Amino acid sequence: MTAISIIGNSQGTRSFYNFTVTDIDGKAFDLASLKGKKVLVVNTASKCGYTPQYAQLEELYKKYGREHFIIIGFPENNFLSQEPGTNAEIKQFCSTHYGVSFPMMSKISVKGKDIAPVYKWLTTKVENGVMDAPVKWNFQKFMIDENGNLAGMVPPKEAPDCEKIIHWIEGKQ
């Protein structure tokens, strides 16, 4: 038995709100501005078999979003160069093909030596106090509760409107 155990987001563990990222237009986006909302964080790519999940994400955002729930997309090119575009091209693609209205951030890295700090927090138990959840592919979904704690993860192959995510949004866990 170990002397130290971490349950949830214990004192000393940073929260999701400790990060500022850059939106797709190059402006600072302080994640602390999302306090009180459930946040679904998704790494995205425009040339992936899971790219149609953008449509499901948008439907979810239209149904539940804005006041108490938000989705944030982080484009990345970590898997088979499936997001080769610039931020401007990604923004155009998302708007034209899927009518994306939820916030999209600037392209980042979600794994490896150049992993973005927010993704290091999302994927590392030492950082988030909850679990190790390395990104396996595009469209992995992380659930952040209203207090900025990691509440869970849904694998890429599962749809954004799966039972686990819907129950979490609706508070039926």
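Numbered by the working numbering, the letters in the sequence shown go through residues 25 to 197 in order.
Glycine residues also receive a C-beta, built at the ideal position from the N, C-alpha and C atoms.
Since the model is a prediction, treat every value here as computed from it, not as a measurement.
Exposed or buried, what is residue i when buried is set at 16 or more other beta-carbons lying within 10 Å of its beta-carbon?
{"i": "residue 75", "result": "buried"}
{"i": "residue 50", "result": "exposed"}
{"i": "residue 140", "result": "buried"}
{"i": "residue 153", "result": "buried"}
{"i": "residue 196", "result": "exposed"}
With a CB to CB cut of under 6 Å and the five nearest residues on each side skipped, what residues in its chain are close to residue i?
{"i": "residue 79", "result": "122"}
{"i": "residue 155", "result": "149"}
Hey, how far is the Cα of residue i from the Cα of residue j?
{"i": "residue 60", "j": "residue 93", "result": "9 Å"}
{"i": "residue 133", "j": "residue 104", "result": "13 Å"}
{"i": "residue 30", "j": "residue 151", "result": "For residue 30, the predicted model reports a pLDDT of 32, less than 50, meaning its position is unreliable; a value from the coordinates is still stated below. Rounded to the nearest angstrom, the two C-alpha atoms are 11 Å apart."}
{"i": "residue 65", "j": "residue 137", "result": "21 Å"}
{"i": "residue 90", "j": "residue 117", "result": "22 Å"}
Less than 7 Å between C-beta atoms, sequence neighbours within five positions excluded: which residues of the same chain meet that for residue i?
{"i": "residue 56", "result": "41"}
Give me, in chain order, the residues of the same chain whose beta-carbon lies closer than 8 Å to that of residue i; leave out the 5 immediate sequence neighbours on both sides.
{"i": "residue 158", "result": "135, 147"}
Going by Cα to Cα distance, which pick from the options is closest to residue i?
{"i": "residue 190", "options": "83, 162, 43, 54", "result": "83"}
{"i": "residue 173", "options": "124, 142, 182, 107", "result": "142"}
{"i": "residue 73", "options": "192, 181, 186", "result": "181"}
{"i": "residue 161", "options": "107, 117, 91", "result": "107"}
{"i": "residue 167", "options": "126, 118, 95, 120", "result": "95"}
If contact is defined by three or more beta carbon pairs under 8 Å, each pair taking one atom from either stretch, is the segment 100-110 in contact with the segment 56-71? The segment 56-71, when compared against the segment 100-110, does touch it at the 8 Å Cβ threshold.
Using a Cβ distance threshold of 8 Å, determine whether the segment 42-59 contacts the segment 110-118, with at least three qualifying pairs required. Enough Cβ pairs lie closer than 8 Å, so yes.
With three or more C-beta pairs closer than 8 Å as the rule, is the segment 142-158 touching the segment 167-184? In this structure the segment 167-184 lies against the segment 142-158, because at least three pairs of beta carbons, one per stretch, are closer than 8 Å.
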